[in-house]
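Participant:
In the working numbering, the protein residues as written are 122 to 155.
#1: What is the DSSP secondary structure of residue 122, counted as helix, strand or coil?
#2: What does the alpha-carbon distance come out to for the pair residue 134 and residue 128?
#3: Have a look at residue 132 and residue 124 and give me their C-alpha separation to the nearest angstrom.
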């Protein structure tokens with residue numbers, strides 16, 4: 122059960138990190154195009 126919890130936390134962390142990275146990359150592009 123402990124391993125499952127670690128896997129879930131890791132997946133959520135990766136998804137959150139991807140969202141943050143994509144946000145940082147999208148913001149400059151939007152400002153440049155506008």
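Backbone N, C-alpha and C define an ideal beta-carbon position, used for all residues, glycine too. Nothing here was measured: the structure is a model prediction, and the numbers come from that model.
Facilitator: In brief:
#1: Counted from its first residue, the chain shown places residue 122 at position 1. In the structure shown, residue 122 sits in coil (DSSP, three-state: anything other than H, G, I, E or B).
#2: Residue 134 sits at position 13 when you count from the first residue of the chain shown. Residue 128 sits at position 7 when you count from the first residue of the chain shown. Note on geometry: alpha-carbon atoms of residue 134 and residue 128 lie some 10 Å from one another.
#3: Locating residue 132 in the chain shown gives position 11, where the first residue counts as 1. Locating residue 124 in the chain shown gives position 3, where the first residue counts as 1. In a straight line, the C-alpha of residue 132 is about 12 Å away from that of residue 124.
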